[in-house]
Amino acid sequence: MPKIMFAWIGGTDHDAVTENTRRSPGPIARAVSERRDFDHIHLLNNYRDRSSPAYKKWLRTKTKTKAKISSAEIELVTPTDFGAIYSNVRQEIESVRKKIGKDAELVFNLSPGTYGMAAVWIILQQTLYPDSELIEASPEAGVKTVDVP
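Residue numbers for the sequence shown follow the numbering used here, beginning at -1 and rising by one.
This is the structure in structure tokens:
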């Protein structure tokens, strides 16, 4: 069964494309590099002035992943609008599952994005997608599964 990682492209991720910072490569590339088990990566981008195609190209080059990488441009009035985040994420998850298969394993990366984006991943994992996995990625601790009681 295919494994799909979903993540918002955060500021640190976008910055990694143009800067060689100590915190680079950002939580998405860190997860892809360390896990290596994703068949598909679906990225959500709410930055109007930053390109998800450029990030996808950089991610493939940086991580050498064989996973298919897709993305969606999401328009949010604010990056902490829980209602808009929730409805957009649900729509994206279902759209990807329809294409790849309802039996796909879902992984939600909590690290990139705002607190509202992370909270929505947790809400969805606790309600509609209880078999999904939550992960976090940081320079200090690497990539690990997050257990929510």
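The C-beta atom is built at its ideal place from N, Cα and C for all residues, glycine as well.
Can you tell me which of the options puts its alpha carbon nearest to the alpha carbon of residue i?
{"i": "residue 60", "options": "143, 102, 95 and 29", "result": "29"}
{"i": "residue 89", "options": "128, 36, 144 and 72", "result": "72"}
{"i": "residue 15", "options": "93, 84, 111 and 57", "result": "57"}
{"i": "residue 23", "options": "147, 36, 110 and 2", "result": "110"}
{"i": "residue 116", "options": "78, 54 and 93", "result": "78"}
{"i": "residue 76", "options": "98, 94, 112 and 63", "result": "112"}
Does the distance from the C-beta atom of residue i to that of residue j stay below 7 Å?
{"i": "residue 25", "j": "residue 135", "result": "yes"}
{"i": "residue 124", "j": "residue 132", "result": "no"}
{"i": "residue 119", "j": "residue 108", "result": "yes"}
{"i": "residue 43", "j": "residue 91", "result": "no"}
{"i": "residue 48", "j": "residue 12", "result": "yes"}
{"i": "residue 82", "j": "residue 38", "result": "no"}
{"i": "residue 68", "j": "residue 106", "result": "no"}
{"i": "residue 2", "j": "residue 139", "result": "no"}
Pull the bridge partners of residue i from the DSSP assignment, please.
{"i": "residue 143", "result": "133"}
So what does DSSP say about residue i, is it helix, strand or coil?
{"i": "residue 42", "result": "strand"}
{"i": "residue 118", "result": "helix"}
{"i": "residue 87", "result": "helix"}
{"i": "residue 75", "result": "coil"}
{"i": "residue 106", "result": "strand"}
{"i": "residue 36", "result": "coil"}
{"i": "residue 148", "result": "The displayed coordinates of the chain run from -1 to 147. Any statement about residue 148 would go beyond what the structure contains."}
{"i": "residue 7", "result": "coil"}
{"i": "residue 70", "result": "strand"}
{"i": "residue 1", "result": "strand"}
{"i": "residue 53", "result": "helix"}
{"i": "residue 13", "result": "helix"}
{"i": "residue 95", "result": "helix"}
{"i": "residue 58", "result": "helix"}
{"i": "residue 127", "result": "coil"}
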